[in-house]
Structures are given as C-alpha cells and as structure tokens.
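*Asks:*
Next comes the structure, spelled out in structure tokens:
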C-alpha cells in the first residue's frame with residue numbers, strides 16, 4: 505500500500521508591518537496553485553498579504569497555517585507555572601491571527617526580541633522547523649532571525665526581493681526578484 509504524499513509546507517517570512525504586495529500576492533497565489541501548504545507567523549504585513557492571496561485560490565489543496573504568538577491569562581505568571589508544573593492558559597496576542605489563517609497554532613514561546621541573546625527559543629523556531637523550505641521577503645530583526653535559524657538548521661532558504669533588502673543576510677543565500685526562480689527552488693525541496 506502506497507501512502508499519498510504530504511504536500512510540502514513552505515514558510516514565508518517577512519515584515520510584520522510592510523505588506524510587500526508586489527512580492528507576497530503572486531507568491532501566495534503560486535504556492536496555492538502548486539499544491540503547497542503555507543506557513544506564516546499569522547500576523548500582519550507580508551503574513552496577511554501572502555495568506556490572503558493563497559486563500560483566494562479556489563479548490564486549492566494546501567492550507568494556510570499561522571504560528572500565533574500568545575499571552576498568558578488567568579492570573580498566574582510564567583514563574584508560578586514553572587514552579588508548580590501547572591500549565592498556564594494562553595490566548596492569541598491581539599491582532600493575531602489574521603483573517604486568512606485557516607489553521608492557527610497557538611505557541612506559548614515568546615516572539616523573537618531584537619535584544620534576545622543568541623540561542624533564545626522563540627516561536628520563530630517553530631516557523632522554521634515546521635517548514636520544508638523558507639521564502640524570505642524583506643523584513644526586520646524577526647525575518648533576519650528566521651533566516652539565521654533556517655541556515656543553522658539546514659533548511660532550504662531563498663531570499664525574494666531586491667538585493668539591498670538582504671544586505672545583512674548570509675552572502676551564500678540565493679537572492680532573486682523572479683517568482684519563477686522561487687517556485688523552481690521550492691519545487692526541488694525534498
């Protein structure tokens with residue numbers, strides 16, 4: 505008995521503020537048409553643009569997945585939960601998930617902060633490790649962290665946008681403004 509192949513999950517990382525529609529919209533549509541799952545951080549900016557375009561494709565196979573940041577609720581702080589071993593209750597941070605996330609995954613791991621020491625666990629680890637490949641659009645410290653994690657964990661990663669937006673990224677990574685190049689890249693991922 506042969507099991508059906510699982511659609512690949514393509515993580516799209518980028519700015520949580522700037523939507524970059526000229527990149528995100530055609531990318532979201534192309535990923536949906538190719539039968540992939542889409543994974544984002546579930547927020548605004550690139551995450552909303554790519555997810556909306558992805559979800560607009562009728563009869564697609566893949567789903568829009570969002571790794572959603574949370575905040576603790578219920579009157580206990582994280583220290584109490586760690587000391588007692590009682591899990592806290594978490595809810596999505598306001599503004600999350602965007603309306604185009606079909607599968608929200610609530611993560612109690614914190615957002616990546618710009619001043620976090622190297623090696624600090626964050627929800628970016630889930631974004632990267634749950635993706636078969638990463639397509640990075642222009643972004644800030646969170647996107648740089650996700651690209652760094654992808655390189656660290658050996659995940660295939662491609663930079664999609666003008667080169668000047670990726671000046672501080674590893675020089676060994678492929679940079680392109682071509683959607684065809686991005687799609688060829690993600691199709692070759694095993």
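In the working numbering, the protein residues as written are 505 to 694.
Just so you know, even glycine gets a beta-carbon here, dropped at the ideal spot from N, CA and C.
Since the structure is predicted, the reported quantities are computational estimates derived from the model, not experimental observations.
Which two residues bound the contiguous beta strand (DSSP E) that contains residue 679?
*Replies:* Looking at the DSSP string, the run of the beta strand (DSSP E) that includes residue 679 is 678-680.
*Asks:* Measure the Cβ-Cβ separation of residue 516 and residue 552 and say whether it is below 8 angstroms.
*Replies:* Against a cut-off of 8 angstroms, the Cβ pair of residue 552 and residue 516 comes out as no contact.
*Asks:* Do three or more CB pairs link the stretch 565-579 to the stretch 596-608 at distances below 8 angstroms?
*Replies:* The stretch 565-579, when compared against the stretch 596-608, does touch it at the 8 angstroms Cβ threshold.
*Asks:* Are there three or more Cβ pairs, one per stretch, closer than 8 angstroms when the stretch 671-684 is compared with the stretch 557-565?
*Replies:* Short answer: they don't touch.
*Asks:* As an exercise, report each continuous beta strand (DSSP E) stretch of at least 3 residues that is fully enclosed by the stretch 507-558, in chain order.
*Replies:* You should have 513-517, 541-544.
*Asks:* Between 568, 670, 593, which lies nearest to residue 514 when the distance is taken from Cα to Cα?
*Replies:* Among 568, 670, 593, the Cα nearest to that of residue 514 is on 568.
*Asks:* How close, in whole Å, do the beta carbons of residue 659 and residue 640 come, if the pair is a contact with beta carbons under 8 angstroms?
*Replies:* Not confirmed; about 11 angstroms, so no contact.
*Asks:* Let me know if residue 505 comes out buried or exposed under the rule of 16 or more other beta-carbons within 10 Å of its beta-carbon.
*Replies:* Exposed is the call here.
*Asks:* Beta-carbon separation of residue 629 and residue 610 under 8 angstroms?
*Replies:* No, these two residues do not count as a Cβ contact at 8 angstroms.
*Asks:* Is residue 624 helix, strand or coil when you go by DSSP?
*Replies:* Coil at residue 624, not helix or strand.
*Asks:* Figure out for me which residue from 692, 693, 665 has the closest Cα to the Cα of residue 531.
*Replies:* When only C-alpha atoms are compared, the closest one is 665.
*Asks:* Keeping to the same chain, check which residues put their C-beta closer than 7 angstroms to that of residue 672; ignore five residues upstream and five downstream.
*Replies:* 648, listed in sequence order.
*Asks:* Between 511, 633, 521, which has its C-alpha nearest residue 540's C-alpha?
*Replies:* Ranking the options by Cα distance to residue 540, first place goes to 511.
*Asks:* Taking 8 angstroms as the threshold (C-beta atoms), are residue 548 and residue 520 in contact?
*Replies:* Contact: yes.
*Asks:* So is residue 662 buried or exposed if we call it buried at 16+ other beta carbons inside 10 Å?
*Replies:* So residue 662 counts as buried.
*Asks:* Whole angstroms is fine: what's the gap from residue 583's alpha carbon to residue 692's?
*Replies:* Because the pLDDT of residue 583 is 44, which lies under 50, any placement of that residue in the model is unreliable, and the question is left without a value.
*Asks:* Quick one: grab the DSSP three-state call for residue 595.
*Replies:* Three-state DSSP puts residue 595 in a strand.
*Asks:* In three-state terms, what does DSSP make of residue 632?
*Replies:* If DSSP states are grouped into helix, strand and coil, residue 632 belongs with the helices.
*Asks:* What are the boundary residues of the beta strand (DSSP E) that residue 561 is part of?
*Replies:* First-last for residue 561: undefined, no H or E at that position.
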